[in-house]
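Student: So the number in this note's numbering is just where the residue sits in the sequence shown, counting from 1, plus 1.
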Amino acid sequence: MASLAHVLLLSCLATFFASTLQGDSLNYKPKSLSGYLPRNYKKVLNTIDSCWRTESDWATNRRALADCAVGFGQAAIGGKYGKTYVVTTPDDDPINPKPGTLRYGAIRTEPLWIIFARDMVITLENELMINSYKTIDGRGANVEITGGPCLKIEYVSHVIIHGISIHDCKPGKKGLVRSSPTHVGERRGADGDAIAISASSNIWIDHCYLARCMDGLIDVIHATTAVTISNNYFTEHDKVMLLGHNDKYTEDQVMKVTVVFNHFGPKLNQRMPRVRFGYAHVANNRYDKWQMYAIGGSAGSTIFSEGNYFIAPDISYAKEVTKREVYGGWKNWKWRSSKDVFMNDAYFVQSGYGRCAPRYSKAQSFTVSPGAMAPALTSDAGPLSCVVGEAC
2 MASLAHVLLL
12 SCLATFFAST
22 LQGDSLNYKP
32 KSLSGYLPRN
42 YKKVLNTIDS
52 CWRTESDWAT
62 NRRALADCAV
72 GFGQAAIGGK
82 YGKTYVVTTP
92 DDDPINPKPG
102 TLRYGAIRTE
112 PLWIIFARDM
122 VITLENELMI
132 NSYKTIDGRG
142 ANVEITGGPC
152 LKIEYVSHVI
162 IHGISIHDCK
172 PGKKGLVRSS
182 PTHVGERRGA
192 DGDAIAISAS
202 SNIWIDHCYL
212 ARCMDGLIDV
222 IHATTAVTIS
232 NNYFTEHDKV
242 MLLGHNDKYT
252 EDQVMKVTVV
262 FNHFGPKLNQ
272 RMPRVRFGYA
282 HVANNRYDKW
292 QMYAIGGSAG
302 STIFSEGNYF
312 IAPDISYAKE
322 VTKREVYGGW
332 KNWKWRSSKD
342 VFMNDAYFVQ
352 SGYGRCAPRY
362 SKAQSFTVSP
372 GAMAPALTSD
382 AGPLSCVVGE
392 AC
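1. Please go through the same chain and pick out, in chain order, the residues whose beta-carbon is closer than 6 Å to the beta-carbon of Ala300, but skip the five residues on each side of it.
2. Relative to the C-alpha of Glu155, which candidate in Ser199, Thr102, Gly297 has its C-alpha closest?
3. Where DSSP assigns a beta bridge to Met242, which residues make up the other side?
4. Just verifying my parser: in three-state terms, what is the DSSP assignment at Leu138?
5. Do Phe311 and Phe343 have their C-beta atoms within less than 7 Å of each other?
6. Any idea which residues DSSP pairs Gly176 with across the strands?
7. Using 8 Å as the threshold, is the stretch 174-188 in touch with the stretch 122-137, meaning 3 or more CB pairs across them?
8. For Ile296, count the other beta carbons within 10 Å of its own beta carbon; 16 or more makes it buried, fewer makes it exposed. Which is it?
9. With a CB to CB cut of under 6 Å and the five nearest residues on each side skipped, what residues in its chain are close to Ser380?
10. Taking the DSSP output, what are the residues bridged to Gln271?
11. If Asn285 sits next to Gly308, beta carbons under 8 Å apart, how far is it from one beta carbon to the other, in whole angstroms?
12. What residues in its chain sit with their C-beta under 6 Å from that of Asp216, if we drop five residues either side in the sequence?
13. Alpha carbons only, please: which of Ser202, Trp336, Phe117 is nearest the one belonging to Gly353?
14. Using a 10 Å radius around the Cβ and a threshold of 16 neighbouring Cβ atoms, would you call Ala292 buried or exposed?
15. Within a Cβ cutoff of 7 Å, which residues of the same chain sit near Ala377, ignoring the five residues on either side of it in sequence?
16. The beta strand (DSSP E) that contains Gly298, what's its start and end?
17. When you compare each of Gly36, Ile204, Asp341 to Pro371 by their alpha carbons, which one comes out closest?
18. For Ala197, which of helix, strand or coil comes out of DSSP?
19. So, Ala77 versus Ile204, is the Cβ gap smaller than 7 Å?
20. Sort Thr259, Lys268, Ser35, Thr225 by Cα distance to Thr251 and report the nearest one.
21. Would you grab the beta carbon distance between Ala382 and Thr55 for me? Rounded to a whole angstrom, and I think it's under 8 Å.
22. Which partner residues does Glu307 have in the DSSP bridge list?
23. Please return the same chain residues whose Cβ sits closer than 8 Å to the Cβ of Leu385, not counting the five positions on each side in sequence.
24. Could you give the DSSP three-state label for Leu152: helix, strand or coil?
25. At what residue ranges does the stretch 76-149 contain a whole run of the beta strand (DSSP E), taking only runs of 3 or more?
26. Does the beta-carbon distance from Ile162 to Ile137 come in below 7 Å?
27. Is DSSP giving Leu66 helix, strand or coil here?
28. So, does the CB of Val322 fall closer than 7 Å to a CB anywhere in chain D?
29. Which term fits Lys396, buried or exposed, when burial requires 16 or more other beta carbons within 10 angstroms of its beta carbon?
30. CA-CA distance, Tyr361 and Lys30?
31. Where does Pro384 fall in DSSP's three states?
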């Protein structure tokens, strides 16, 4: 018969190991996110924001924004050389849109810089097809697109979306949707993405809020290239950002995407981003305790993680930043980490040989700061509160 001391020892050990596995031992208390951040850091205008935010005349000189992108989407001009179109009503008709609605301006064939007369919540009746050479600029108003299908960028170029909150998007329904003043086509129904980008080029998504959609928050597929995704705030979502259609769609080898200065906030699960075939430069972003992984991919994708700030979750099996969606054969894929900061036991599994830098043109290039700067550089991610006559 075991002694009483032996029984008590076994009982104590069992209690200790059980509490450790459950992450709730008496001595364990998860640190708040602020506990992992650099002390006394101040907001710093990043390369994009310093290009335009210091000027008080932004409302009369809105098109200056079009000169401020960096990375692969740097050449996106949106509606820089077009007239200003003012959205005056949140109403929507996917077949015969009325003047003053967002859809009426978005489908025009001529370049337009689209702004909003006031705060508004827009619930689209079906997915919004955005035509080439359009800027959707939410500065100066609180603009939300929510509760219905959301934005589609397909077979177009030179689109800028700035300063919009896009959340709680739902799948579209099969039916007619107008994509230009002269064309109405049958749509099969959107998947429920916030922004779906397909077969397009020269796209820039900046300072948006994205959360809680039925499918992805941003999809970049079907040989889309020359894209910059910057200064956005992502939160409360499973599959955040997909770059590449599927593992058989080799046309996505042309895809080049810059993901920079974004804040991947709380309650995000995976795909920040998930890459297939193409190239992703992921730089100076902040990651707050993902639930599965942060950066992943398959199909021989190339990923350069540079100057990011990774705070791992308080989950022992989810500390790894990276995830390869394949059982083997990935060791030649170029996945590199440089100047990244890893907190709470986060770690990045590197692979591949040879050069991995993005090979930007002079116009596209920008200085990537050390990862310790990423919390400051992303401190204003999401839509800004811009007041007319004052710097944003």
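We treat Cβ as the ideally placed atom computed from N, Cα and C, and that holds for glycine.
Tutor: Walking through what the data contain:
1. For the purposes of this step, residue 300 is identified with residue 299 of the sequence shown, where counting begins at 1. If we look at Ala300 and ignore the five residues flanking it on each side, its Cβ neighbours are Asp248, Arg277, Phe278.
2. For the purposes of this step, residue 155 is taken as the residue at position 154 of the sequence shown. Answer by Cα proximity: Ser199.
3. The residue given as residue 242 occupies position 241 in the sequence shown. According to DSSP, Met242 bridges with Ile219.
4. Taking the first residue of the sequence shown as 1, we reach residue 138 at position 137. Leu is not the amino acid found at residue 138; the sequence shown has Asp there. Strand, per DSSP.
5. In the sequence shown, counting from the first residue as 1, residue 311 sits at position 310. In the sequence shown, counting from the first residue as 1, residue 343 sits at position 342. Going by C-beta atoms, Phe311 is nearer than 7 Å to Phe343.
6. For the purposes of this step, residue 176 is taken as the residue at position 175 of the sequence shown. Gly176 is bridged to Arg188.
7. yes
8. Position 295 of the sequence shown, counting from 1, holds the residue named residue 296. Per the 10 Å Cβ criterion, buried.
9. In the sequence shown, the residue the question calls residue 380 occupies position 379. Cβ neighbours of Ser380 beyond the five flanking positions: Lys44.
10. Residue numbering aside, residue 271 sits at position 270 when the sequence shown is read from its first letter. Looking at the DSSP assignment, Gln271 forms a beta bridge with Lys240.
11. Locating residue 285 in the sequence shown gives position 284, where the first residue counts as 1. Locating residue 308 in the sequence shown gives position 307, where the first residue counts as 1. That belief holds up - the Cβ atoms of Asn285 and Gly308 are roughly 5 Å apart, short of 8 Å.
12. The residue you call residue 216 lines up with position 215 of the sequence shown. Result list for Asp216: Asp192, Gly193, Asp194, in chain order.
13. As a first step, residue 353 must be located in the sequence shown, where it is residue number 352. Ranking Ser202, Trp336, Phe117 by Cα distance to Gly353 puts Trp336 first.
14. As a position in the sequence shown, residue 292 is number 291, starting the count at 1. According to the sequence as given, residue 292 is Gln; it is not Ala. That one is exposed.
15. Residue 377 sits at position 376 when you count from the first residue of the sequence shown. For Ala377, where only same-chain residues beyond five positions count, the Cβ hits under 7 Å are Tyr42, Lys43, Lys44, Val45.
16. On the sequence shown, residue 298 is found 297 positions in, with the first residue counted as 1. Counting along the chain, the beta strand (DSSP E) containing Gly298 begins and ends at 296-299.
17. Your numbering for residue 371 matches position 370 in the sequence shown. With distances taken between Cα atoms, Pro371 lies closest to Asp341.
18. Counting from one through the sequence shown, the residue named residue 197 turns up at place 196. The answer is strand: DSSP assigns Ala197 an E or B state.
19. If you number the sequence shown from 1, residue 77 lands on position 76. If you number the sequence shown from 1, residue 204 lands on position 203. Cβ distance < 7 Å, so Ala77 and Ile204 count as in contact.
20. Translated into the one-based positions of the sequence shown, residue 251 becomes position 250. With distances taken between Cα atoms, Thr251 lies closest to Thr225.
21. Mapped onto the sequence shown, residue 382 falls at position 381. Mapped onto the sequence shown, residue 55 falls at position 54. In fact, because the Cβ distance is near 18 Å, the residues do not count as touching under 8 Å.
22. Locating residue 307 in the sequence shown gives position 306, counting from the first residue. Answer is Ala284, Ser339, bridged to Glu307.
23. Looking up residue 385 in the sequence shown gives position 384. For Leu385, where only same-chain residues beyond five positions count, the Cβ hits under 8 Å are Arg54, Arg140, Gly164, His208, Cys393.
24. Stepping through the sequence shown from its first residue, residue 152 is reached at position 151. Residue state, collapsed to three classes: strand.
25. 84-88, 113-117, 121-123, 135-138, 144-147
26. The residue given as residue 162 occupies position 161 in the sequence shown. The residue given as residue 137 occupies position 136 in the sequence shown. It is a contact, given that the beta carbons lie within the stated cut-off.
27. For the purposes of this step, residue 66 is taken as the residue at position 65 of the sequence shown. Here Leu66 sits in helix by DSSP.
28. Considering every chain present, this structure includes no chain D. It has just one protein chain.
29. Residue 396 lies beyond the range of the chain shown here (2 to 393); nothing can be said about it.
30. Walking along the sequence shown from the start, residue 361 turns up at place 360. Walking along the sequence shown from the start, residue 30 turns up at place 29. Tyr361 and Lys30: Cα-Cα distance of roughly 44 Å.
31. Translated into positions along the sequence shown, residue 384 becomes position 383. DSSP places Pro384 in coil when its eight states are reduced to three.
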